[in-house]
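The structure appears right after this line, and notes come after that.
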Amino acid sequence: MFSRTKLSLFLLMLFILEGSVVQVFVPSAWGMSYETIPRFALVGTILISLFIGRREGLLYGLVFGLLQDVVFGHIIGVYTLSMMVASYLAGLVLMLFHRSFAVVFTTLLLVLFGHEWLTYTLFRLFVTNPVDVQWTLTHEIFPTVLLNMVFAAFVYVPMKKLCLQVQENKERSHE
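Residue numbers (numbering that gives the first Met the number 0): 0 to 174.
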């Protein structure tokens, strides 16, 4: 139980970090023409889904997506839906492939891109002045995915250890 609390607190710390400290270092704060959006909590929920299971990832995606909607969102439900779907789909990949470093990072890349594309599509559906697709891809989605992939490389080992502790405690409690 304690390891699950550590995992939740770690994700909460990532959520706070992405909305506060990291905003100083994004390229748009330095006057550059492209935007990167740190999605550290999403990276964490995807890794949870990959290491623990798709249902755990779905629940963490629900909680942190709703938190993202309430704190940062303009439309309630967009990030809740997209983080839940992203985490769940990442967990489904493990039903098809063996969990290896290459599969985890390929899945992360595709799911992060899918999440950004889904949020862009939902915002384009509900916002009256849509942004051009090509501009969004080159100035927002690709840089955002790149930033979050670099972050995932740094957080991969600690998240894997935390998730394995949770998995061991879960198996121990079922015995």
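All C-beta atoms in this analysis are idealised placements derived from N, C-alpha and C, irrespective of residue type, glycine included.
Note that this is a predicted model, so its numbers are computed, not measured.
Enclosing alpha helix (DSSP H) for residue i [first to last residue]
| i | result |
| --- | --- |
| Asp68 | 53-71 |
| Arg3 | 1-18 |
| Ile47 | 39-50 |
| Thr35 | Neither: Thr35 is in no alpha helix (DSSP H) and is coded neither H nor E. |
| Gly90 | 77-95 |
Check whether residue i and residue j have beta carbons under 8 Å apart
| i | j | result |
| --- | --- | --- |
| Gly43 | Met158 | yes |
| Val165 | Ile51 | yes |
| Ser48 | Tyr78 | no |
| Pro37 | Leu146 | yes |
| Leu41 | Met82 | yes |
| Phe39 | Glu55 | no |
| Thr35 | Val25 | yes |
| Phe14 | Leu66 | yes |
| Glu115 | Ile75 | no |
Alpha-carbon spacing of residue i relative to residue j, whole angstroms
| i | j | result |
| --- | --- | --- |
| Val70 | Thr120 | 21 Å |
| Val126 | Phe1 | 43 Å |
| Leu219 | Leu80 | This structure cannot settle anything about residue 219, because the visible part of the chain is limited to 0 through 174. |
| Lys160 | His73 | 35 Å |
| Gly90 | Phe100 | 15 Å |
| Val130 | Leu117 | 14 Å |
| Ala151 | Glu170 | 26 Å |
| Val132 | Glu167 | 44 Å |
| Ser19 | Leu10 | 14 Å |
| Ser7 | Leu61 | 13 Å |
| Ala85 | Met94 | 15 Å |
| Leu163 | Asp68 | 29 Å |
| Trp134 | Gly113 | 17 Å |
| Phe153 | Leu124 | 35 Å |
| His138 | Val21 | 18 Å |
| Leu111 | Arg53 | 16 Å |
| Glu172 | Pro142 | The sequence shown places Ser at residue 172, not Glu. Cα to Cα, Ser172 sits roughly 42 Å from Pro142. |
| Val103 | Tyr155 | 10 Å |
| Met12 | Lys5 | 10 Å |
Proximity test, residue i beta-carbon vs the ligand ATP heavy atom, cut-off 7 Å
| i | result |
| --- | --- |
| Gly76 | Looking for the ligand ATP in the displayed structure turns up nothing, as the structure carries no ligands at all. |
Contiguous alpha helix (DSSP H) assignments of at least 4 residues, all confined to the segment 114-161: 132-135, all fully within the segment 114-161.
Can you find at least 3 beta carbon pairs, one from the segment 27-41 and one from the segment 98-108, that sit closer than 8 Å? Segment contact: the segment 27-41 against the segment 98-108, fewer than three CB-CB distances shorter than 8 Å; contact not assigned.
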